[in-house]
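Numbered by the UniProt record's numbering, the letters in the sequence shown go through residues 1 to 741 in order.
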Amino acid sequence: MESSEATQQQASNRIVDDDMDDDDMDDEFMDDIQSEGVTQTEQGAQTGKGPKKRNTRERAMCWKSYNPVFVVEEGIRLKKGECKRCKKLIAADSKRSGTKGLKNHIISCNKKHKESSTQTILAYAPAADGSGSSSLVTWKFDQMAIRLALCEMIIIDELPFIIVEREGFKRFIEKICPQFVIPSRHTIRTDCVKLFLDHKDNLKHFFSRNGTGRISITTDCWTSINNVNFICVTAHGIGKDWVLHKKVISFCKIISHKGDDIGESVIAVLRDWGLENVLCCTVDNASANDGAVRYIKSYLDTWKTNVLGGKHLHMRCAAHILNLVVSDGLEEIGASTRRVREAVKWVKSSPSRTQQFKNYVQAAEVNCTKSLCLDVPTRWNSTYLMLESAEPYEEAFNLFGTMKTFVDDMNSKKYKELPLGPPTRGDWANVRKMIEYLKKFYELTLLFSGTTYATSHLFFIEMCDIFDLISELEESVDRDISEMAKQMRKKVGKYWLETTELNPKMNKILYVAALLDPRQKMKHVDKCLNGLYGVDRGKTLSREVEDSFNELFEFYRNELTPNPPSKKTKTSSVPIPRPGRKDRRGCYTLLTQQTDGEELDDICTSELTIYFTEKQHKVSYDANDQFDILQWWMTNTPRFPILSKMARDILAIPISSVASESAFSTGGRVLSTYRSSLAPNMVEALICAEDWLRSCSVEIKDEEGVPEEELEREFQTVLSIRGTQTTHSQNTPSDVPPKGG
1 MESSEATQQQ
11 ASNRIVDDDM
21 DDDDMDDEFM
31 DDIQSEGVTQ
41 TEQGAQTGKG
51 PKKRNTRERA
61 MCWKSYNPVF
71 VVEEGIRLKK
81 GECKRCKKLI
91 AADSKRSGTK
101 GLKNHIISCN
111 KKHKESSTQT
121 ILAYAPAADG
131 SGSSSLVTWK
141 FDQMAIRLAL
151 CEMIIIDELP
161 FIIVEREGFK
171 RFIEKICPQF
181 VIPSRHTIRT
191 DCVKLFLDHK
201 DNLKHFFSRN
211 GTGRISITTD
221 CWTSINNVNF
231 ICVTAHGIGK
241 DWVLHKKVIS
251 FCKIISHKGD
261 DIGESVIAVL
271 RDWGLENVLC
281 CTVDNASAND
291 GAVRYIKSYL
301 DTWKTNVLGG
311 KHLHMRCAAH
321 ILNLVVSDGL
331 EEIGASTRRV
341 REAVKWVKSS
351 PSRTQQFKNY
361 VQAAEVNCTK
371 SLCLDVPTRW
381 NSTYLMLESA
391 EPYEEAFNLF
401 GTMKTFVDDM
411 NSKKYKELPL
421 GPPTRGDWAN
431 VRKMIEYLKK
441 FYELTLLFSG
451 TTYATSHLFF
461 IEMCDIFDLI
471 SELEESVDRD
481 ISEMAKQMRK
491 KVGKYWLETT
501 ELNPKMNKIL
511 YVAALLDPRQ
521 KMKHVDKCLN
531 GLYGVDRGKT
541 LSREVEDSFN
551 ELFEFYRNEL
561 TPNPPSKKTK
571 TSSVPIPRPG
581 RKDRRGCYTL
591 LTQQTDGEEL
601 DDICTSELTI
611 YFTEKQHKVS
621 YDANDQFDIL
631 QWWMTNTPRF
641 PILSKMARDI
651 LAIPISSVAS
661 ESAFSTGGRV
671 LSTYRSSLAP
681 NMVEALICAE
691 DWLRSCSVEI
701 KDEEGVPEEE
711 LEREFQTVLS
721 IRGTQTTHSQ
731 NTPSDVPPKG
741 G
């Protein structure tokens with residue numbers, strides 16, 4: 001009785017109840033053996049007589065651990081039981097051996113299983129960061145740990161639950177871990193939901209302990225193939241260990257993409273997670289998001305958690321702006337790129353043309369293994385990749401100029417009502433120039449959309465670089481490229497330029513982030529503003545940047561020291577030379593923006609003085625990966641307690657609302673067919689858990705992105721190796737016939 005209650009208690013502690021692990025199965029098998037005879041006796045006593053007709057179904061309880069099979073031995077058809085654990089066949093014919101052998105085998109197999117399951121094995125495990133390194137670890141069989149790992153695999157690799165019931169997966173498990181009892185798809189689905197809920201509770205606890213200070217959020221709208229609207233909300237924050245955390249906290253269904261509906265959904269998510277201290281909300285440039293941010297701001301005002309009344313709450317996605325800039329510019333692109341695009345389309349339009357192209361590549365002795373690729377209208381980076389893949393094959397395309405069908409087809413295309421024609425030498429020169437310029441925008445978009453490192457302090461440097469690049473394009477001798485650059489400047493100026501008045505679409509906190517970069521500080525910002533706008537306008541903007549910095553610093557000072565010490569009535573500002581205010585601005589004016597009768601706190605004055613008068617941290621601006629700004633601030637936190645608090649919140653602000661894999665798309669993001677078929681709650685559980693489980697951003701190469709020439713070479717290599725092995729083993733007959741043969 002006690003054993004039965006213990007078994008029931010153990011079953012109640014499992015993840016789910018409809019599948020049992022191996023230890024539970026062992027206990028039940030042993031109970032069956034001990035109680036089977038008693039059960040049959042009790043049944044006979046209750047009825048007073050035995051059964052009248054023999055039942056063909058296996059009545060013995062021990063059959064639960066066997067699969068009935070029939071074999072022919074010496075012309076006689078015999079029944080045997082195949083052990084589900086070790087696959088051994090045990091005699092079980094009712095006329096010869098009965099079930100005694102089945103019961104005895106369960107005892108011995110159970111003993112062997114328990115010995116093997118507790119045996120510790122040494123193995124080399126690969127590093128989780130994808131670096132290729134490995135370490136020596138200990139391993140022993142654990143049914144529940146493997147089930148948990150199976151859940152993680154299904155979530156991370158976006159696999160369907162039905163995979164656990166497919167034949168190939170069962171064969172795989174049978175070979176690598178035969179003692180593992182594969183759960184049903186219903187069980188694994190329940191396990192995945194429980195994993196999601198457990199991780200969500202842990203993250204809530206992390207945020208509740210103020211592990212990230214103030215957070216910033218991003219929103220991103222999705223649509224399923226069934227036209228169901230979803231919104232993805234991601235929280236970004238820097239922990240006390242100065243590590244940047246990015247967590248998807250919701251992927252929920254919304255009524256529509258209207259501003260109030262988006263805002264209401266975001267507020268519901270913040271309430272659910274207990275997140276009220278929000279510094280910035282990064283969104284794309286859709287007009288509906290303006291209303292959404294206003295809605296969010298009104299609730300933060302009610303919660304009294306807005307920083308400076310929400311002045312810096314609205315952050316527009318920099319990657320989306322770059323998309324608009326480049327896409328608008330490419331609409332003005334010249335005939336050169338169009339000729340190359342049509343030439344690539346012509347080559348890729350049929351297998352015979354592709355083979356002819358390969359022949360020309362060999363004839364031109366082009367030493368390149370890149371595969372030609374087509375571009376996609378909604379992804380401007382594909383145009384860059386198309387040009388980059390085609391440029392090395394210039395000589396091969398020139399040979400196509402001797403092919404009448406190619407020339408006729410190219411002349412049939414129209415550009416500005418004139419025949420397009422095949423690409424010329426001059427076209428290829430222009431293409432090389434376009435590749436150089438588009439590469440810069442390509443790299444910038446990847447940089448802006450990073451989620452594993454701080455990006456807010458990089459914006460000002462890169463914005464200045466963008467305007468320099470556009471200026472170069474405007475001076476191009478190619479009229480089409482020059483017109484393209486003018487379109488780019490017009491579009492980017494709408495969001496970032498502040499020529500005659502403050503641009504409401506430019507968030508001033510990005511200037512503050514630049515000041516918090518010890519490589520830049522005010523000296524660099526001053527110089528760049530003067531270069532962009534001229535000395536007069538640059539000075540005005542410098543003062544506005546200083547005011548924004550001082551305002552934020554005062555907010556954080558009051559927050560950290562709500563009851564500052566009494567100040568002296570007489571002031572004596574820090575003496576700073578003011579040589580005409582033409583060449584020297586920035587950190588000095590930050591310390592002297594005072595009026596008679598007040599004085600900065602000694603600690604604050606000292607902190608600002610030390611930070612802005614120290615020399616800039618020397619590092620190449622072209623090698624951002626060599627400078628870890630979070631590490632710098634963690635090291636210098638004791639010296640700058642208030643500034644470090646500002647930096648911790650401001651450096652966590654993402655300047656892109658989408659990750660790099662979605663950053664180049666000008667179209668909406670769409671859920672996969674499989675995930676669109678799931679219930680909204682299950683979609684949220686899978687997408688959030690996938691984000692939480694990914695330990696690092698390891699690049700996963702899709703086979704579709706591998707050049708077909710490379711795949712062909714790999715296939716031929718395998719055939720060659722197989723042929724060699726076949727030659728060596730011709731005289732060695734195989735003892736094992738192929739399965740299913």
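Every residue gets a Cβ at the ideal spot worked out from N, C-alpha and C, and that includes glycine.
Distance, residue j Cα to residue i Cα
| i | j | result |
| --- | --- | --- |
| residue 349 | residue 645 | 58 Å |
| residue 506 | residue 298 | 21 Å |
| residue 231 | residue 225 | 15 Å |
| residue 569 | residue 643 | Confidence is the limiting factor: at residue 569 the pLDDT is only 35, short of 50, which leaves the residue's position unreliable, though a coordinate-based value still follows. Each residue's Cα considered, the two are about 26 Å apart. |
| residue 201 | residue 174 | 35 Å |
| residue 691 | residue 237 | 15 Å |
| residue 426 | residue 336 | 8 Å |
| residue 184 | residue 368 | 49 Å |
| residue 331 | residue 380 | 11 Å |
| residue 194 | residue 252 | 18 Å |
| residue 681 | residue 120 | 40 Å |
| residue 429 | residue 436 | 11 Å |
| residue 583 | residue 419 | Reliability of the predicted coordinates at residue 583 is poor, the pLDDT of 32 falling under 50, and no value is obtained from them. |
| residue 339 | residue 465 | 30 Å |
| residue 486 | residue 326 | 11 Å |
| residue 94 | residue 717 | 55 Å |
| residue 434 | residue 628 | 32 Å |
| residue 172 | residue 386 | 40 Å |
| residue 83 | residue 677 | 38 Å |
| residue 673 | residue 687 | 14 Å |
| residue 206 | residue 548 | 31 Å |
| residue 475 | residue 482 | 6 Å |
| residue 334 | residue 461 | 30 Å |
| residue 273 | residue 204 | 6 Å |
Burial state of residue i, where buried means 16 or more other Cβ atoms lie within 10 Å
| i | result |
| --- | --- |
| residue 190 | buried |
| residue 62 | buried |
| residue 314 | buried |
| residue 508 | buried |
| residue 139 | exposed |
| residue 559 | exposed |
| residue 229 | buried |
| residue 301 | exposed |
| residue 648 | buried |
| residue 346 | buried |
| residue 631 | exposed |
| residue 522 | buried |
| residue 49 | The predicted model places residue 49 with a pLDDT of 44, which falls under 50 and marks its position as unreliable; any figure quoted below should be read in that light. The residue is exposed, with fewer than 16 neighbouring Cβ atoms inside 10 Å. |
| residue 423 | buried |
| residue 608 | buried |
| residue 250 | buried |
| residue 76 | exposed |
| residue 617 | exposed |
Whole-number beta carbon distance between residue j and residue i, since they are thought to touch under 8 Å
| i | j | result |
| --- | --- | --- |
| residue 321 | residue 512 | Their Cβ separation, rounded to whole angstroms, is 19 Å, which puts residue 321 and residue 512 out of contact at 8 Å. |
| residue 79 | residue 92 | 6 Å |
Residue from the options with nearest C-alpha to residue i
| i | options | result |
| --- | --- | --- |
| residue 656 | 359, 137 and 233 | 233 |
| residue 213 | 277, 166 and 157 | 277 |
| residue 456 | 204, 318, 475 and 365 | 318 |
| residue 463 | 488, 617, 422 and 483 | 488 |
| residue 285 | 274, 316, 272 and 498 | 316 |
| residue 149 | 627, 180 and 135 | 180 |
| residue 532 | 217, 496 and 514 | 496 |
| residue 244 | 352, 161, 216 and 162 | 216 |
| residue 658 | 96, 323 and 353 | 323 |
| residue 388 | 219, 344 and 151 | 344 |
| residue 221 | 640, 257, 248 and 613 | 257 |
| residue 145 | 177, 168, 162 and 166 | 177 |
| residue 397 | 357, 416, 410 and 412 | 357 |
is_contact[residue i, chain C] using C-beta, thresh 9 Å
| i | result |
| --- | --- |
| residue 551 | The structure shown contains no chain C; it is built from a single protein chain. |
| message | For the segment 273–282 against the segment 291–306, do three or more pairs of beta-carbon atoms, one drawn from each stretch, fall closer than 8 Å, so that the two count as touching? | response | Output reads yes: the segment 291–306 touches the segment 273–282.
| query | Are the segment 469–482 and the segment 518–529 touching by the rule of at least three beta carbon pairs closer than 8 Å? | reply | Note that the segment 469–482 does not touch the segment 518–529; fewer than 3 beta-carbon pairs, one per stretch, sit closer than 8 Å.
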